Ligand code: SF4
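Residue numbers (this note's numbering): 7 to 327.
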């Protein structure tokens, strides 16, 4: 498999002020993974674990704190100016809440022609024709072009968000919780649309979600994030059938069996406590404050992230002697 995008020890830290003190928030703290051309790579974990920040870091929406991002094997970590703008054409994002990312004062036609105007593509007449084509691609009619976002349903607005992401013919799209603001009845339609578009345009997706059922059905490989790090990564079937990391096991055991949890009668492993603050992550294994299998070494040493069976990686002392 050929990698389209590779993250190498990516770190994204932010300085925040808490009660007058400057603290370091380690939102992403050393993530390495590859996303192959044409695949849908799922990234799961509880909210606040760094999934969305990692997606934005891959798209270079931030200046990386450390590490590198390769796109087609070329380092894009330090791109600026025209080179960064050119990369933006290749890699786009679909956001969680379409209502908050569409300008309420602009008509859909203006929203869809904006990428062409920013990147100086096509004449104004051609831009309008392209906007109509984008509507058609995502299942909207040309009558929607004259509407404002507030005149559309949540599902229609998300289709506009998808159309805007497609405008510049990208190769990579980061889908950041694209279903979570939608009614359950609409979610399947949006998944089908994303899958159809992937086939038609050979798209590669990073699919960020806290919904493990959706990820199981949409993704070929899955990474599990906890407190800024990937703790397990495997083929989707392998991960759901044989989860190894205690955190993954707990997440998967919480899926109702009718929705696809592996193994009838699998014991529910209940997670206790909250995710620790990324402002003061625990030493050693960051999951040790909640782990039912914690041992002494877990409190002292961060486990290495290694391949324990073909293409199945885990960061846990249980699997390293
Ligand atoms: Fe649990 Fe230790 Fe494994 Fe961390 S390293 S997940 S604390 S067993």
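In this text, a Cβ means the ideal position worked out from N, Cα and C, and glycines have one as well.
Source: prediction; values computed, not measured.
field: Terminal residues of the alpha helix (DSSP H) in which residue 161 lies
entry: Stepping through the chain shown from its first residue, residue 161 is reached at position 155. Its alpha helix (DSSP H) spans residues 160 to 172.
Opening and closing residue of the alpha helix (DSSP H) in which residue 116 lies: Position 110 of the chain shown, counted from the start, is the residue given in the question as residue 116. Looking at the DSSP string, the run of the alpha helix (DSSP H) that includes residue 116 is 114 to 124.
- prompt: Measuring CB to CB, does residue 180 end up less than 9 Å from residue 165?
  reply: In the chain shown, residue 180 corresponds to position 174, counting from 1. In the chain shown, residue 165 corresponds to position 159, counting from 1. Going by C-beta atoms, residue 180 is not nearer than 9 Å to residue 165.
- prompt: What's the C-alpha gap between residue 19 and residue 184?
  reply: Locating residue 19 in the chain shown gives position 13, where the first residue counts as 1. Locating residue 184 in the chain shown gives position 178, where the first residue counts as 1. Approximately 25 Å, taken between the alpha carbons.
message: Let's test the definition: count the other Cβ atoms within 10 Å of the Cβ of residue 301 and tell me whether it reaches 16, buried, or not, exposed.
response: By one-based count along the chain shown, residue 301 stands at place 295. Exposed: under 16 other Cβ atoms inside 10 Å.
message: Three or more C-beta pairs under 8 Å: does that hold for the segment 50 to 62 against the segment 208 to 227?
response: yes
query: Can you give the Cα-Cα distance for residue 237 and residue 252, rounded to whole angstroms?
result: As a working mapping, residue 237 is identified with position 231 in the chain shown. As a working mapping, residue 252 is identified with position 246 in the chain shown. Looking at the two C-alpha atoms, the distance is approximately 10 Å.
query: Excluding five sequence neighbours on each side, which residues of the same chain lie with their C-beta closer than 6 Å to the C-beta of residue 119?
result: Looking up residue 119 in the chain shown gives position 113. Correct list, in chain order: 133 and 137.
message: Does the segment 103 to 122 come into contact with the segment 150 to 169, if we say contact requires no fewer than three beta-carbon pairs (one atom in each stretch) closer than 8 Å?
response: yes
query: Roughly how many angstroms lie between the CA atoms of residue 315 and residue 154, to the nearest whole one?
result: Taking the chain shown and counting its residues from 1, the one referred to as residue 315 is at position 309. Taking the chain shown and counting its residues from 1, the one referred to as residue 154 is at position 148. For residue 315 and residue 154, the distance between alpha carbons rounds to 52 Å.
message: Could you check if residue 150 belongs to the surroundings of the ligand FAD, using beta carbon to heavy atom distance under 8 Å?
response: The model on display carries the ligand SF4 but not the ligand FAD.
message: Given the structure, does residue 309 come close to the ligand SF4, in the sense that its CB is under 8 Å from one of the ligand's heavy atoms?
response: Numbered from 1 along the chain shown, position 303 holds the residue referred to as residue 309. Yes, the beta carbon of residue 309 sits closer than 8 Å to at least one heavy atom of the ligand SF4.
- request: Have a look at residue 43 and residue 231 and give me their C-alpha separation to the nearest angstrom.
  value: Numbered from its first residue, the chain shown carries residue 43 at position 37. Numbered from its first residue, the chain shown carries residue 231 at position 225. Approximately 22 Å between the Cα atoms of the pair.
- prompt: So is the beta-carbon of residue 110 under 8 Å away from any non-hydrogen atom of the ligand SF4?
  reply: Counting from one through the chain shown, the residue named residue 110 turns up at place 104. Flag unset: Cβ of residue 110 not near the ligand SF4.
- prompt: Exposed or buried, what is residue 274 when buried is set at 16 or more other beta-carbons lying within 10 Å of its beta-carbon?
  reply: Position 268 of the chain shown, counted from the first residue, corresponds to residue 274. By the 10 Å Cβ count, residue 274 comes out exposed.
Coil, strand or helix - residue 28 by DSSP: One-based indexing of the chain shown puts residue 28 at position 22. Three-state DSSP puts residue 28 in a strand.
- prompt: From what residue to what residue does the beta strand (DSSP E) around residue 56 run?
  reply: Along the chain shown, read from residue 1 onward, the residue named residue 56 stands at position 50. Segment: none, residue 56 is in no beta strand (DSSP E) and carries neither H nor E.
- prompt: Between residue 66 and residue 93, is the Cβ-Cβ spacing less than 9 Å?
  reply: To locate residue 66, count along the chain shown from 1; it is residue 60. To locate residue 93, count along the chain shown from 1; it is residue 87. Against a cut-off of 9 Å, the Cβ pair of residue 93 and residue 66 comes out as a contact.
field: Three-state secondary structure assigned by DSSP to residue 299
entry: Counting from one through the chain shown, the residue named residue 299 turns up at place 293. Three-state result, residue 299: coil.
- prompt: Would you say the segment 80 to 93 touches the segment 309 to 325, given that touching needs at least three Cβ pairs under 8 Å?
  reply: no
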